[in-house]
Amino acid sequence: MLVQVPIGAWTSAAVLDLVPGAGRNARLLVGMGVVSAVPAAWAGWVDWAEQPERQLRTGVVHAVSNGVAIGLYAGSWVVRGRGKPVFGRLLGFAGLTVASVAGMIGGHLAYRQAVGANKTEPIDHLVEPGWHPVGSAAEFSEGQAVRRMLGGVPLLVVRERDGAFHVLVDRCSHMAGRLSQGKVADGCVECPWHGSVFRLADGRNVGGPATAPQPTFETRLTEEGMLEVRLPGAV
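Using the working numbering, you'd call the opening residue of the sequence shown number 254 and step up by one each time.
Take a look at the structure:
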């Protein structure tokens with residue numbers, strides 16, 4: 254969301270640069286874009302810091318492109334103030350071109366390489382409605398994280414002392430880490446990849462870089478002692 258401010262300011266400045274007598278307002282927008290790009294870059298760095306190697310490499314190209322664009326616009330702001338409006342406009346248009354390329358790379362990161370995407374969002378469409386068996390209750394040890402498969406969907410199963418069961422999707426919403434390999438403590442499970450912490454009772458994220466909760470399953474035991482699960486909202 255922060256990116257919209259500098260991009261909007263710079264695009265508006267480019268429009269004003271085509272309007273006679275609007276140079277002062279265009280310079281104001283250029284400066285506003287440069288200043289507002291700082292918090293946008295900071296937020297992008299936070300997102301970039303927790304990514305796998307391939308996304309990190311693409312993110313570096315994205316960051317360098319944005320840095321060049323900011324530099325061009327900063328130069329545009331300076332030379333406009335020194336009475337060189339034509340050179341300032343040229344630098345501004347060059348900055349907008351580079352910023353557009355950087356935006357395309359950012360789109361590649363977000364949509365092709367799925368940076369920041371919720372890795373558990375498709376689960377509702379992968380699980381059939383109704384109850385599904387995942388194993389005998391006797392197979393699950395108290396307090397231990399156990400992995401089970403429901404078709405192609407991995408599940409994390411944890412049995413409490415009182416015999417209650419918690420079942421979550423065993424794929425971290427942040428970067429699809431295997432939660433069943435993480436630490437279970439204090440009613441939560443911690444992803445072994447980047448340290449996201451999810452509450453077993455309802456899947457809520459209570460720590461780490463993950464921003465989306467884990468899908469949780471309703472559970473029941475049959476008369477034969479079989480654990481069955483159901484995903485609310487499965488379609």
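Heads up, the beta-carbon is just placed ideally off N, CA and C, and yes, glycines get one too.
Only a predicted model underlies this, so the values are computations on that prediction, with no experimental measurement involved.
Boundaries (first-last residue) of the alpha helix (DSSP H) holding residue i
i: Ser-353; result: 338 to 360
i: Val-291; result: 276 to 301
i: Ser-389; result: Where Ser-389 is concerned, there is no enclosing alpha helix (DSSP H), although the beta strand (DSSP E) it sits in stretches over 385 to 389.
i: Val-332; result: 306 to 334
i: Ala-267; result: 257 to 269
Proximity below 8 Å, CB of residue i to CB of residue j
i: Thr-264; j: Leu-325; result: no
i: Leu-408; j: Val-420; result: yes
i: Glu-306; j: His-447; result: no
i: Pro-468; j: Val-422; result: yes
i: Ser-318; j: Val-351; result: yes
i: Ala-316; j: Gly-328; result: no
i: Phe-418; j: Val-410; result: yes
i: Gly-435; j: Ala-398; result: yes
i: Val-437; j: Gly-396; result: yes
i: Ala-322; j: Ala-279; result: no
i: Val-459; j: Thr-472; result: no
i: Ala-267; j: Met-285; result: no
i: Gly-461; j: Val-450; result: yes
i: Thr-373; j: Ala-465; result: yes
i: Gly-388; j: Asp-300; result: no
i: Ala-390; j: Leu-453; result: no
Paired residues, beta bridge with residue i - DSSP
i: Ala-398; result: Val-411
i: Asn-458; result: Phe-451
i: Ala-438; result: Cys-441
i: Val-406; result: Leu-403
Spatial distance of residue i from residue j (CA atoms)
i: Pro-485; j: Gly-383; result: 9 Å
i: Val-332; j: Val-272; result: 19 Å
i: Ala-463; j: Gly-478; result: 35 Å
i: Arg-457; j: Glu-476; result: 31 Å
i: Gly-320; j: Gly-274; result: 29 Å
i: Ile-358; j: Thr-311; result: 8 Å
i: Cys-444; j: Cys-425; result: 7 Å
C-beta neighbour in chain C for residue i, strict 8 Å
i: Gly-448; result: As a matter of chain content, chain C is missing from the structure shown, which is built from one protein chain.
Span of the beta strand (DSSP E), counted from its first residue to its last, around residue i
i: Thr-469; result: 469 to 474
i: Arg-452; result: 450 to 452
i: Phe-441; result: The question names Phe, but residue 441 in the sequence shown is Cys. Unbroken beta strand (DSSP E) run through Cys-441: 441 to 443.
Where residue i falls: helix, strand or coil (DSSP)
i: Glu-381; result: coil
i: Leu-421; result: strand
i: Ala-463; result: coil
i: Arg-483; result: strand
i: Glu-477; result: coil
i: Glu-392; result: helix
i: Ala-363; result: helix
i: Ser-433; result: helix
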